[in-house]
């Protein structure tokens, strides 16, 4: 058994592991919530360090916190922000709905270490939590962590995926394939056109995510307990936002209405909704890749994705589309996360939302896994797939839908007869059309050339 020490809070005394940097309130939460084993994401804890640092700096500027304590608190917050103390934040995601336990976890760790660094007593509530409440700190940290991860991870990842798709599309401009609607043969498209659809979807999704970020940049800090700003200077929130902007390079500002900022998570719900939209785009791209790659003999077999690992424990030589499959699972998770965030967003009872930890966990998980899978899809699936031109050309030459190009010349009824005959006999459309019309092969070849049927792109 690990050695224990005695700690005390307003509810009394209890034992804490001797090597733990946190104190009694954190230990109570550890004992109260042994639920999932899932802790809040590292990005959230690191952002909490930034928020606490900004608060200390603001309090110092307002004359409430002396320079010695400010410097010590700021130093420890640097360590938290750099991910060096993440193991000291062991609390379960499923805890008190305000995440007061996590706020106090930070206050206790910072106070413990800052006291040693300052050579003076630093109190978790009186100094580290000065001018703050869990009720404005945690919503603020949700927004700061979401903004940082979107700007540093998600947006660059989406842009990278778009760039890879565009480059691949350009290289495939000369490849004309059978289009498909209802999973059935349709008029031809070029592979460049097909991939341009993916790129356009992603670009729209990216713009929608970017359009939600100004609301994420608005912070609850300064509202303290219920939005009135009790125990905080009227300028405290704006000073914290200024400090955070300087630290991150992002444009944070105090929320227009602190009561909404504490009681609602509308911006998080909106961002999650856009992440869900991105997930649906990635699911569509992944499924297109899986269908195009299917086979190699009994499927569509238009492309071959890079072979990354053996696909079966029993069937030698089998290779599966593992990256699109992993991406599809990520998308399912993100869609589920959005449902949870939507329900959590409805839990703003009077002056406080009481599902903040699960909002933080699900929102940041969605951002992280979408960022990672976007890069994997780009680099390990799209960039390296090869085209099976023989399969594509064979299929398109026998595609009975090509006869659509003759409608204005021979009429729909005769066109349908040609299409049905070509399909039934397994013959090329042009060969059947030569027999059933009075048009020359040269005329038919020009009219039925797939490259002439894909429009002006």
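Residue numbers (the working numbering): 2 to 458. Think of the CB as a built atom: it goes at the ideal place given N, C-alpha and C, for glycine as much as any other residue.
| Query | Result |
| --- | --- |
| Residues in its own chain within less than 7 Å of residue 452 by CB, not counting five upstream and five downstream? | 177 |
| Classify residue 23 as buried or exposed, calling it buried when 16 or more other Cβ atoms lie within 10 Å of its own Cβ. | buried |
| For the region 99–118 and the region 185–192, state whether three or more C-beta atom pairs, one from each stretch, are separated by less than 8 Å. | no |
| Would you report the Cα separation of residue 8 and residue 86, rounded to the nearest angstrom? | 20 Å |
| Below 7 Å CB to CB, which residues in the same chain sit around residue 55 once its five sequence neighbours on both sides are set aside? | 241, 244, 245 and 248 |
| Reducing DSSP to helix, strand and coil, say where residue 328 ends up. | helix |
| Here's the rule: buried if 16 or more other CB atoms are within 10 angstroms of the residue's CB, otherwise exposed. What is residue 202? | buried |
| Tell me the rounded alpha-carbon separation between residue 150 and residue 387. | 33 Å |
| May I have the straight-line CA-CA distance separating residue 254 from residue 41, to the nearest angstrom? | 24 Å |
| My assumption, with CB atoms under 8 Å, is that residue 204 sits in contact with residue 280. Please give the rounded CB distance. | The Cβ separation is near 16 Å, so there is no contact. |
| Pop quiz: residue 146 and residue 365 are said to be a contact at Cβ under 8 Å. What is the actual Cβ separation, rounded to whole angstroms? | 6 Å |
| Buried or exposed for residue 374, please, with buried defined as at least 16 other CB atoms from any protein chain shown within 10 angstroms of its CB. | buried |
| CB-CB under 6 Å to residue 309, same chain, minus the five flanking residues each way: which ones, in chain order? | 323 |
| Please give the ranges of any beta strand (DSSP E) in the region 226–294, keeping only runs that are unbroken, at least 3 residues long and fully inside the region. | none |
| Can you give, in chain order, each stretch of the alpha helix (DSSP H) that sits fully within the region 293–374 and has at least 4 residues? | 323–346 |
| Which runs of the alpha helix (DSSP H) spanning at least 4 residues fall entirely within the region 19–95, listed in chain order? | 25–33, 43–62 and 68–82 |
| Given this structure, state the Cα-to-Cα distance separating residue 92 from residue 30, to the nearest angstrom. | 7 Å |
| Alpha carbon to alpha carbon, what distance is there between residue 239 and residue 259? | 12 Å |
| Evaluate residue 421 with the Cβ neighbour count: other Cβ atoms within 10 Å of its Cβ, from every protein chain shown; 16 or more gives buried, anything less gives exposed. | exposed |
| Using a Cβ-Cβ cut-off of 8 Å (strictly less than) and excluding sequence neighbours within five positions of residue 304, which residues of its own chain qualify? | 290, 293, 294, 386, 387, 388 and 389 |
| Which partner residues does residue 191 have in the DSSP bridge list? | 177 |
| According to DSSP, residue 182 sits in a beta bridge with which residue or residues? | 185 |
| Between the region 410–426 and the region 209–226, do at least 3 Cβ pairs fall closer than 8 Å? | no |
| Quick one: Cα of residue 90 to Cα of residue 126, how far? | 17 Å |
| Taking the beta carbon of residue 416 as the centre, do at least 16 other beta carbons fall within 10 Å, making it buried, or is it exposed? | buried |
| Looking at C-beta atoms only, is the number of pairs between the region 327–343 and the region 354–368 that lie closer than 8 Å three or more? | yes |
| Using the C-alpha atoms, what's the distance from residue 437 back to residue 424? | 14 Å |
| Specify the secondary structure class of residue 123 as computed by DSSP and reduced to three states. | coil |
| Quick one: is residue 193 buried, meaning 16 or more other Cβ sit within 10 Å of its Cβ, or exposed? | buried |
| For the candidate residues 266, 173, 273 and 144, whose alpha-carbon lies nearest to that of residue 207? | 273 |
| Taking Cβ to Cβ, would you say residue 77 is nearer than 7 Å to residue 115? | yes |
| What's the call for residue 137, buried or exposed, on a 16-neighbour Cβ count within 10 Å? | buried |
| Residue 48: buried (16+ other C-beta within 10 angstroms of its C-beta) or exposed? | buried |
| What do you get for residue 182, buried or exposed, if any count of 16 or more other CB atoms within 10 angstroms of its CB means buried? | exposed |
| Can at least three beta-carbon pairs, one atom from the region 350–362 and one from the region 264–272, be found at a separation below 8 Å? | yes |
| If I'm right that residue 200 touches residue 174 with Cβ under 8 Å, what's the distance once you round it to whole angstroms? | With 8 Å as the limit, residue 200 and residue 174 do not qualify as a contact, their Cβ atoms being about 14 Å apart. |
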